[in-house]
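One structure below.
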Amino acid sequence: MRFGTSVLMVGLLALSAVVLWRSGQQGVTATDISPEHELVFFSAPWCGYCDRARAWFDDQRIDYLEIDIESSTDANRLWRDAGGRGVPLVLVGDERIAGYSIDAYQRALQSGL
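Each residue of the sequence shown is one higher than the one before, starting from 1 at the first, in the working numbering.
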């Protein structure tokens, strides 16, 4: 499991370098970070609202990429470039949702279909 996590982090770091180079000042979108996922979810281990959001995404069977903003400086930089000021931060397409709001997640996912 640790090897898989390491491989994922290396891939994420390489992808973040490309995303940051491409995005310039336009801001990072979910599609820039991970085109194969419906949603990108920035979290932190201590965040109770992140736990609630993760549980809801799992219950709804939403395909998401979770990025722990404390796992590396590159992950933290990607979160900041995506407009991060707190967690959870959720990206759906080019929409950013700061905080925990099931209603906002549902609206963003429905508009992205």
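For every residue, glycine included, the Cβ atom is placed at its ideal position computed from N, Cα and C.
**Request:** Look up TYR64 in the DSSP assignment and give the residues it is bridged to.
**Result:** LEU39
**Message:** Spatial neighbours of TYR49 within its chain, please: C-beta separation below 8 Å, excluding the five flanking residues on both sides.
**Reply:** VAL87, PRO88, GLY99, TYR100
**Prompt:** How many Å lie between ILE102 and GLU95 at the Cα?
**Reply:** 14 Å
**Item:** Backbone CA spacing between LEU39 and ILE33 [nearest angstrom]
**Value:** The alpha-carbon of LEU39 is positioned some 10 Å away from that of ILE33.
**Item:** ALA98 in three-state terms, based on DSSP
**Value:** strand
**GLU66 versus VAL90: straight-line alpha-carbon distance, rounded** = 9 Å
**Item:** SER111 classed as buried or exposed, judged by whether at least 16 other C-beta atoms fall within 10 angstroms
**Value:** exposed
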